[in-house]
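Heads up: the sequence shown begins at 8 in the numbering used here, then just goes up one per residue.
Each residue gets a CB set at the ideal place from its N, CA and C atoms; glycine is no exception.
Since this is a predicted model, take the numbers as computed values, not measurements.
Working notes, beginning with the structure itself.
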Amino acid sequence: MQYSFKKLNLIVGWLSFVLASTVYLLTMEPTASFWDCSEFIATSYKLEVGHPPGAPLFMMISRFFTMFGGPGQAAVLVNSMSALASGATVMFLFWTITHLARRAMRKSGDELTLPQTIAVLGAGLIGAGAYTFTDTFWFSAVEGEVYALSSMFTALVFWAILKWENVADEPHANRWIVLIAYLTGLAIGVHLLNLLIIPPIALIYYFRKYPRVTKWGVVKSLLVSAAVLIFVMKFIIAGTVNLGAFFDRMFVNGLGLPVNSGITFFALALLAALGWGVYWTHKRGKVLANTILLCTAVIIVGYGSYASVIIRSAANPPMNSNAPSNPYGLLSLLNRDQYGARPLFKGPYYSSPVAGIKESTVYYEDEGKYKAAKTVTAREYDPRFEFFFPRMYSDKESDIKAYKNWVDIEGRQIPYDDETVTVPTFAENLKFFFAYQLNFMYWRYFLWNFVGRQSDIQSTGEITDGNWLSGINAVDRIFLGPQDNLPQEQASNKGRNTYYFLPFILGIIGLIYQLNRDGRNFSVVMAFFIMTGVAIAVYLNSPPAEPRERDYVFAGSFYAFAMWIGFGVPALYEAFKRWFKKDGAATAVAATLIGAVVPTILAAQNWDDHDRSHRYVARDFGENYLNSTLPNAIIMNYGDNDTFPLWYAQEVEGVRKDVRVMNMSYLGAEWYIDQMRIKSNDSDPLPFSLPRSKYTYRNETVLIQELFNRPIPAKQLIEWIASEDPRTMLPMTSGEKMDFLPSRQIAIPVNKQNAIESGIVKPEDAHLMVDTVYLNINPNKHYLTRDELMLIDLLANFDWKRPIYFTQFSSPASLGLKDYLQLDGFAYRFVPIRTPSAPAKKTSDYLKVGRIDSEYLYDKLMNQFRYGNIDDPRVYADHTIQTNFRATFTRGLYAQLADQLLAEGDTTRAVEVLDSVVRRIPFSQIRHDYLTTIPLIESYYKAGAFDKGNAILEDYAQNLEQYIDHYLRFTGKTKELVEPQLYDNLQNLLELHQTAADFGQQEQIERLDQYFQSIGLTDQ
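Following this line, the structure appears as structure tokens:
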């Protein structure tokens, strides 16, 4: 039988692309997602500037896709781009596996037999199919994030070096090396993770060019790859921009030319020099030098996508992170300056005392010239308090507490300034590294993908959620406690996926097979696996608490393991051939079919928690935030998920472009303050009055010192800080210079006429207005941050002409604004009407903040707000969705409105409001939360709808009881680990009991009493 392996390989590879792409297109989110996706889609749609280090090539490719539809289709088109890129990743994985499996199976020069061909193609199908359905890769494949496109570049580059390997001895083979260099340059414009493929590439090059392999040769090839990696990171990515910035400063300040003229000259000169070098080395026959220069040139050309960042930033788009309109701004963006740095090989522990500060000279553009300024870049430590490989370095109070939760720290004491400082021992430092950074933040994710996952709920170390899970109870019980008779909520969690170790076992079989049959390529795959796994865990030096799971950064490592899963098929084929003494097509088909169990179980288990079709929650939340506000409002946000969806709604779908979204997390940055001072879309500039000299590369904090004991008008305070009074620049012992705030009470006069004309206060509520709002700074607070100072500047000058909103009522509390809020939906309006918060008698009273205009809020909740089809059981409500419903206290909004309507005597509409939220946000989709469920029950009781309140109470009580019963079954060491959750659930159940008692629901009281007695809790 005549057949062409090359043709079959090509056809089946494209088939894997079609199948994977179809899966991703069917399950992708039809609109923007939470986290960075909303921002990426918005910046792509209008080619704006996203957060550091930027992803200009991703944005340009995404923009191309958005051109095939209107604003309403932009998100789905960007998501489709990710789906297709992920399908291409699977295809290149297929061809990579078949290439390496063919190498392992055949003897030198021999053609594959038909059974071997089937086994090799089966290896590609099973390995690529398994990766298609892995938890981590599938998650990124269906949303508009950089990781799908980055994975495609990684897969493409690795496949390209294998293509070079096939033709390495032929003329012009180095064109593949040049292509790889160009792809690497392009990939920098998507994500830097692609650079980690360089060491495996170096090994393939070494093995192919040097048949006589030695240990020292392998070491040298890895050292060369490290040198290439450093060259690209330090000299090309940062070095070229740094040198270009120097030229730009010389051209601008020295020759009087426009900003960016110098870097333009430098870029052209650099490319010309490289071009001449390529020509000269080609003419002289210097192949190695020619290849190096050509590769450097094409990397720089590919990396040139970052030129678009400067071009677009100079146009002042609404989203202009870091404002990199010149090379110094671009350098700050690339260096991720706003995020700070984490120590890697040497640095402090969390308790290391600060000895001083390090200052660096920075250059910023001002009126067409570059000006120099000193800025604090790092802290200085006594050499005795800087240690090798510091893992416990963060001095945030919450992080210190978390360190101690992970490691029992006894520490050692070091004398310092007539006292002793306790620092962790190196052994304790390593224990944290292995327990948290390696085990919890890498191996746990690895096991998610190839053993199983306990739930989609983010874990902070608990054993009841977010861990790996095999499905083999005898094994799982040892590590995670009882796994039978689970609470219904936990058992039905769509993220609970069990693979019974099958992908892991097949991968280990394949690993051993490749190790024995093809040791050289085994070392290549192992280098790939380590560099994109363990090495990243070491480099990231993760703090002990992350805002979200970080498994997506390790997708490359799981890609490498999927290769070994594929190699499991020829391993099974070889084993069957030996065991059954048969070598036919049937044997190879049997091996493939058995291997097919792995992608099948992955697909079956993972489909429901990776199917995001029908889900519009992030988009609707963004619109709900914006639609909460009055016209021409300013809304102050504090994090990714209550900022990025708003940007998406405004920039892409054109929703409420009159509203100014102000992320308070960014307001401490000079560039962001500048952006707030210019018009954006239909929103007027913010009325800041402080000159740039008072916040540009200057004070990070303002020290509080009471110079006189009376309230100071906010405008007078800002004018004083803006002045050249020497007291505003008193040097501190640390070397920093800080302003002094002369009073802890700041007065904001109320312009009542403006407040009414702008709609902040209704005319009929005019009599409720106060004459002055006072900001009362906490007595224990010794400084104000720059963002707080700018907020005071805004309040001093807005003169009640524009409504101001906060997305979290706790955020303005530090300035004493909590008593001047009105609940308007997803945001709180700042009003000159004092509504003191009543003392909280129980936990659920925490929500009762601010006044309520029942007509305004009723219209928002009942007629305008949408919740992304969350009432559709087909919609998957993952942990992020659950968290955002809780963070916005969405159900609690309805309970508060119902209470206000009841206070106004409108019982009918109160019950209507409560029925609406129970129907639109069902408990079967969004889980119970004591902060919002108990207020709902109470509101039903107040309205006299006791049957409806009791139905919710009964449902919540049964939920809590199931968890309590489950935790009470834990024994030994695992029992101690679940005690915090046991206590929390008991506390919530006791609050339910108190709620029933407050409203005389005797039947519920007796039922709960019986339960407490059954578990031995009698003293309530």
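Taking a contact as a CB-CB distance under 8 Å, the pair L202 and T191 counts as one, their CB atoms being some 7 Å apart. Following the DSSP letters along the chain, one finds T599 inside the alpha helix (DSSP H) bounded by residues 592-602.
Ranked by Cα distance from W171, the options W223, D117, H106 are led by H106. DSSP places D922 in the uninterrupted alpha helix (DSSP H) bounded by 914-927. Under DSSP, the beta-bridge partners assigned to R460 are W475, N504. A residue is called buried when at least 16 other Cβ atoms come within 10 angstroms of its Cβ; L300 meets this threshold and is buried. Contact between R873 and D627 holds: CB atoms are separated by about 4 Å, below the 8 Å threshold.
For the pair S844 and E911, the Cα-to-Cα distance works out to about 19 Å. For R809, same chain residues with a beta-carbon under 7 Å away, outside a window of 5 residues either side, are N639, A640, I641, S765 in chain order. Scanning its chain for C-beta atoms nearer than 8 Å, with the 5 sequence neighbours on each side dropped, one finds around S228 the residues A209, L210, Y212, Y213, in chain order. By the CB criterion at 9 Å, A905 and A834 fall outside the cutoff. The three-state secondary structure of A754, taken from DSSP, is strand.
Shown here, T1025 sits in coil according to DSSP, grouped into three states, outside any helix or strand.
The three-state secondary structure of N644, taken from DSSP, is strand.
In the three-state reduction of the DSSP assignment, A348 falls in the coil class, being assigned neither a helical nor a strand state. Counting C-beta atoms within 10 angstroms of its own C-beta, G661 has fewer than 16 neighbours from the protein chains shown and is therefore classed as exposed. CA-CA distance, Q123 to F75, rounds to 44 Å. For a cut-off of 8 Å, the C-beta gap from G129 to A534 is around 26 Å, too long to register as a contact. The region 255-303 is shown to contain whole alpha helix (DSSP H) runs of 4 or more residues at 268-290, in chain order.
Comparing alpha-carbon positions, the option among N957, P550, N670 lying closest to A348 turns out to be P550. For the region 200-241, the continuous alpha helix (DSSP H) assignments of 4+ residues that do not extend past its boundaries occur at 205-216, 222-237, in sequence order.
Ranking G151, L984, V19 by CA distance to the CA of Y31 puts G151 first. Proximity to N957 across T940, Q969, Y970, V56 peaks at T940, based on C-alpha coordinates. In the three-state reduction of the DSSP assignment, K408 falls in the helix class, which pools H, G and I.
For S158 against T103, the beta-carbon gap comes to about 13 Å, at or over 8 Å, which does not count as contact. The Cβ-Cβ distance between F144 and Y138 falls below 9 Å. DSSP places L697 outside both helix and strand once states are collapsed to three, so it counts as coil. Following the DSSP letters along the chain, one finds E658 inside the alpha helix (DSSP H) bounded by residues 651-658. For the pair G478 and G459, the Cα-to-Cα distance works out to about 7 Å. Sorting N267, I1022, T981 by C-alpha distance to the C-alpha of L996 places I1022 at the top. In this structure the region 787-801 does not touch the region 616-633; the number of beta carbon pairs closer than 8 Å is below three.
From the listed residues Q965, I512, K722, the smallest Cα separation to L782 is found for K722.
The beta carbon of L960 sits closer than 8 Å to those of I944, L999, T1002, A1003, Q1008, Q1011, all from its chain and outside the five residues before and after it, given in chain order.
In the three-state reduction of the DSSP assignment, L828 falls in the strand class.
For L782, the beta-bridge partners assigned by DSSP are I753. For Y154, the enclosing alpha helix (DSSP H) begins and ends at 153-173.
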